[in-house]
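Note sheet for the following structure.
Number of protein chains: 2
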Amino acid sequence: MEKLRATGRFLRYSPRKSLFDRRLNPNSENSIPNSASGYGHGFGEQCRDFQLYNDHNRKRNVQTCFGFYGHQGKTARDCIEKGLLEDTRRIQHRCFGSLAEKVQRDPSFSTLSSDDISYFKGILGEKNVVQDEERLAIANTDWMHKYKGSSKLLLQPQTTEEVSQILKYCNSRSLAVVPQGGNTGLVGGSVPVFDEVVINMSLMNNVISFDKVSGILVCEAGCILENLITFLDNQGFIMPLDLGAKGSCQIGGNISTNAGGLRLVRYGSLHGTVLGLEVVLANGDILDMLGTLRKDNTGYDLKHLFIGSEGSLGIVTKVSILTPPKLFSVNVAFLACQDYFSCQKLLVEAKGKLGEILSAFEFLDSKALDLVLNHLDGVRNPLPPTIHNFYVLIETTGSDETYDRQKLEAFLLHAMEGGLISDGVLAQDMNQASAFWYLREGVPEALMKAGAVYKYDLSLPVEKMYDLVDEMRTRLGDSANVVGYGHLGDGNLHLNISTPQYDDRTLAQIEPFVYEWTSAHRGSISAEHGLGLMKANKIFYSKPTATVKLMTSIKKMLDPKGILNPYKVLPHSIDSHS
Amino acid sequence: MEKLRATGRFLRYSPRKSLFDRRLNPNSENSIPNSASGYGHGFGEQCRDFQLYNDHNRKRNVQTCFGFYGHQGKTARDCIEKGLLEDTRRIQHRCFGSLAEKVQRDPSFSTLSSDDISYFKGILGEKNVVQDEERLAIANTDWMHKYKGSSKLLLQPQTTEEVSQILKYCNSRSLAVVPQGGNTGLVGGSVPVFDEVVINMSLMNNVISFDKVSGILVCEAGCILENLITFLDNQGFIMPLDLGAKGSCQIGGNISTNAGGLRLVRYGSLHGTVLGLEVVLANGDILDMLGTLRKDNTGYDLKHLFIGSEGSLGIVTKVSILTPPKLFSVNVAFLACQDYFSCQKLLVEAKGKLGEILSAFEFLDSKALDLVLNHLDGVRNPLPPTIHNFYVLIETTGSDETYDRQKLEAFLLHAMEGGLISDGVLAQDMNQASAFWYLREGVPEALMKAGAVYKYDLSLPVEKMYDLVDEMRTRLGDSANVVGYGHLGDGNLHLNISTPQYDDRTLAQIEPFVYEWTSAHRGSISAEHGLGLMKANKIFYSKPTATVKLMTSIKKMLDPKGILNPYKVLPHSIDSHS
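Chains as they are written, first to last, in the numbering used here: chain B, 12 to 589; chain G, 12 to 589.
Dropping the structure here:
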């Protein structure tokens, strides 16, 4: 590391004495000696700060137990029982944008009778036919408290055969159903709209097999993602997907919504990693596609129809998934860039130079970082207080600590010399790495604390992505704080517009403009959240009519009575677009 | 590398002086000093041998220009024009097993009229409506000369709109069609069975766009894979798939057959890397799913229906695909293992220890290697003549020459010390790497030269995979040479049974046993070759009736008259299995 030292811009100190081992800042006016003690831009209290980070992380886990952040295996119910629900509601019970959906109940659906209840008790037993109001209240509400159904019944099947019997009966009786996993979705996809029967998958939570030679895991759909991660960790493997909601979300729900998450840039989408599914169709037929083979070209690969169809074509009951071996060397750098073009160039360089060890490339703009610094407790900017326009988080994952570190350092030095990075820090341990990640992952929480927020999850060509943020700022002027962050490596922008209070005039300035702009640039109006109820009628912004018509035909073929998760995913009428 | 040297088992020499820089053999009786000159187990002529390898490679490129091996961009037609066709036929015109398919022409299809020809000339112009007998002879025959159709017409559209017009017309006239790319398939999927109109995609061969930031390539379906590889190479990227047929096969065909190939273990299947498709349906409707986004959760992801459906649901006209950055450091080791269990354990170790740089893990048994050594010119076993039961080829691809090399060497040393490897060599340059690869890739060619061959492409759980080879040997006794090789990392076994001549009694001993055995172990009867005509009726060995019924319903929905690639993929009757 002689070359790095020679720049005179790096700090190195013992992790126990202070926080940031190494600083990259060729432009800093403070040329800082390479010592453990001597650096002077507001980091005098790092140790305490990091303690606060840790305290904060625990707090965060509790506060957001319903949704997008891990909470160490707690279910929503655990939180309620511990009296945490009200606190959660205070923070989250706000309006999150998007024009209200006006939906009429489909009159072809039956309403629940006492005979139905008796029938279900006959199949599932008393305790798995839930009519308790408190439990139904949770099942009827999404974690953002934006959507609220009025279901009177929640069923908890324990086997595929029970799911099959439930659906066969509901189909014959024209009873609409909502499959529900961890209920962590953001688009109203996993809660009833009216009185649909909730089919809760939580009790189907067994690991069926794991093959260490091939890395193939077979499990039931109700397994909580975090539990699978822990199970695999003990075997020396990891799940190919990871997301903030892992403590609540279930693998069946992940697959039904084609969850993206933090590892997509490295391990690809679920369409690539899911090897097989068992699915129950609307009429109760069990479709056994539960292969455990990496290669199988025998006919149409039907499982893909169910990945990302949000429970509207069938209920996923079992899953076979390819899991990568666990790699032990993780490095995280938090960097500042002067402009968006530098972020893009840095991404290209990182793909080429870090190659096989690059595992995340996230970005946030200065307004996003400001929100995190202003609204979350105990968070500190690891960089000096100079204002930078953009921040990038790079993570590498590999199998050799020393080599990976050297490689990342060499890359950062090169990028710094080339002017792509204005400043930066490299985490020295997992606590620091977590703290850096929290600067990026804390943005949604900070936004929710800041006021009303209009949230958009968009995919766009990387080079156009930030233009939308700029245009939105011009459009809204001082009336709103427009924030951009997301998975730059995946071309996924989380556009968030924060205002003190929710109002329809602001919304009218945002929508449909945001969808039209995205559509005009061939983007996706839902990169990873799905369409659910929120965007079912907006599908035409991202998909041509002919394609939507074919989706509708497939839905009709597989679920002629439309009992599976009605009012979601597909538009309520296709005629106006024909 | 002190540790390696300390074993006293390694050879090192200058590549110009001799061939194999480094040998690993802790069990060898010849303890060989680490010098450039002193090693003595039959490698005195290495330089000449490698020269021969190179000569041979050139020869191979010519001989197999029709099919599975690259031929540097030559088309089948080029080969014919250069008088090479007869030579190719002499080698390949043998019987390749599988019970003959008895198919009746579907009487609902029309026969071609002069009005039809006039109509097509009106759309495509004279020269792209081909009736020339010589060209039709090529289009009517698969590269193995096993299947032969009698089409009288080949159409060469240049645009999606032309494909649309052709299909709209054919659908209205009930004229059956066969989409044809490079015609390199092994299961009779890309040639007419009777008089179907051939729709040749070769003229739709333009690269539409390439985005260096995201690595996303958009191109027409008729682009030859090798041309795309070359194009990307100049941009610092690679295709996520590579296969022997790259010199002839087209990306549209690759996608329609869900080609696996050599990079699957590293970059995953096309379901993960293909981001978008444009497809023309049987009725001429153009389905625009040509997204260029890594994430897009807006409705059902319909493109997956067309990946691997062998042209029976629509004709792929354009492709959007994610391409990884090119990594410059490639290492190849050729290793010997005592038993199949060691191969499996080595795979597990390699996944864990080589982690992110592992890019291939292939195996062949001693009978496969013997065939290569006995039937291909100028090939030498880089290992001493001790008989080993199994051979493994490991390839790593990374971004750092020195590090990757050290990592692989450390891994090999560890595996050797643990007894997993009996012997091994590490390639010192690309020529040696190619020569090692040829020991594995040359097996199909050697089999064809050895006599009649019954070929099976199977996916099986890795731990069971070789049991089938053993059982087949017991079953056939001395009457046949049973050979096993394939992509161990993908669980893909190429089971080949070589006999001096083809005869029905041998076949009856092999089939249906091989399919029943595969089915009983939940394997796939076609890992990567597809079903085509050859295995359409055998789909039930790998897929349950309910799943096949759903496939049939989808086929009926998208192609009610069944004009697209008839008699292929799906069984000719489903009733007997209902």
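Glycine included, every Cβ here is placed at the ideal spot set by N, Cα and C.
One thing to note: Ala344 (chain G) has its Cβ within 9 angstroms of the Cβ of Leu404 (chain G). Between Thr558 (chain G) and Met300 (chain B), the C-beta spacing is below 9 angstroms. A check of alpha carbon separations from Val359 (chain G) across B:Phe131, B:Phe248 and B:Gly160 identifies B:Phe248 as the nearest. With a beta-carbon spacing of about 7 angstroms, Val464 (chain G) and Ile508 (chain G) fall inside the 8 angstroms limit used to define contacts. For Tyr414 (chain G), the chain B residues whose Cβ falls inside 7 angstroms of its Cβ are Tyr414, in order along the chain. In this structure Val494 (chain B) does not touch Leu487 (chain B) by the C-beta definition: roughly 12 angstroms separates them, more than the 8 angstroms allowed. Checking the DSSP bridge columns, you'll see Asp468 (chain B) partnered with B:His505.
Excluding five sequence positions before and after Gly287 (chain B), the CB atoms of its chain that fall closer than 7 angstroms to its own CB belong to Met300, Leu301, Gly302, Thr303, Lys314 and Ser331, given in chain order.
With respect to Asp570 (chain G), Leu292 (chain G) sits close: the two C-beta atoms are nearer than 9 angstroms.
Separation of Ser259 (chain G) and Ser213 (chain G) (C-alpha to C-alpha, rounded to the nearest whole angstrom) is 10 angstroms. Rounded to whole angstroms, Ser553 (chain G) and Lys364 (chain G) show a C-alpha spacing of 34 angstroms.
With contacts defined by Cβ atoms closer than 9 angstroms, Val204 (chain B) and Leu544 (chain B) form a contacting pair. By the Cβ criterion, the stretch 332-351 of chain B is in contact with the stretch 424-433 of chain B, since at least three pairs of Cβ atoms, one from each stretch, lie closer than 8 angstroms. Taking a C-beta distance under 9 angstroms as the contact criterion, Gly263 (chain G) and Cys234 (chain G) qualify as a contact pair. Per the DSSP secondary-structure output, His498 (chain B) pairs in a beta bridge with B:Asn503. Asp376 (chain G) sits close to Tyr477 (chain G), with the two beta carbons spaced by under 9 angstroms. Leaving aside the five residues that flank Asn151 (chain G) on each side, the residues in its chain whose CB is nearer than 7 angstroms to its CB run, in chain order, Lys159, Gly160, Ser161, Ser162, Val202 and Pro203. In this structure, Ser125 (chain G) lies away from Lys572 (chain G), with their beta-carbon atoms at least 9 angstroms apart. Taking C-beta atoms as the reference points, Gly295 (chain G) and Ser129 (chain G) fail to come closer than 9 angstroms. Gln355, Leu358, Val359, Lys362, Gly363, Lys364, Leu365, Gly366, Glu367 and Ile368: these are the residues of the stretch 355-374 of chain G whose beta carbon lies less than 8 angstroms from some beta carbon of chain B, given in chain order. For the C-beta of Thr268 (chain B), the chain G residues within less than 8 angstroms are, from N- to C-terminus, Asn308. Around the C-beta of Ser267 (chain B), 16 or more other C-beta atoms lie within 10 Å, and the residue is accordingly described as buried. When DSSP reads this structure, Leu369 (chain G) sits in a beta bridge with G:Thr407. Contact with chain G is absent for Lys257 (chain B), since none of that chain's Cβ atoms lies less than 9 angstroms from the residue's Cβ.
Assignment of beta-bridge partners to Ile297 (chain G) by DSSP yields G:Val291.
Interface annotation, Gly247 (chain B): in contact with chain G, CB-CB separation under 9 angstroms. Cβ proximity to chain B below 7 angstroms picks out His540, Gly541, Leu542, Ile550, Ser553, Lys554, Pro555, Ala557, Thr558 and Val559 from the stretch 540-560 of chain G. In the displayed model, Pro203 (chain G) falls within coil according to three-state DSSP, outside both helix and strand. Of all residues in the stretch 479-503 of chain B, only His498, Gly500, Asp501, Gly502 and Asn503 place a beta-carbon less than 9 angstroms from a beta-carbon of chain G. Of the residues assessed, Ala519 (chain B) falls on the exposed side of the cut-off, its CB having fewer than 16 other CB atoms within 10 angstroms. Within the model, the alpha-carbon separation for Leu298 (chain B) versus Pro168 (chain B) is close to 17 angstroms. Put simply, the CB of Ala538 (chain G) is near chain B, with a gap under 9 angstroms to one of its CB atoms. Contact note: Val473 (chain B) reaches chain G through Asp222, Val224 and Ser225, using a C-beta cutoff of 9 angstroms and chain order.
Rounded to the nearest whole angstrom, the CA to CA distance from Gly133 (chain G) to Val140 (chain G) is 10 angstroms. Its chain contains Val473 and Glu474 as the residues whose beta carbon lies nearer than 7 angstroms to that of Gln355 (chain G), once the 5 sequence neighbours on both sides are disregarded; these appear in chain order. With 16 or more other CB atoms across the displayed protein chains lying within 10 angstroms of its CB, Asn576 (chain G) is buried.
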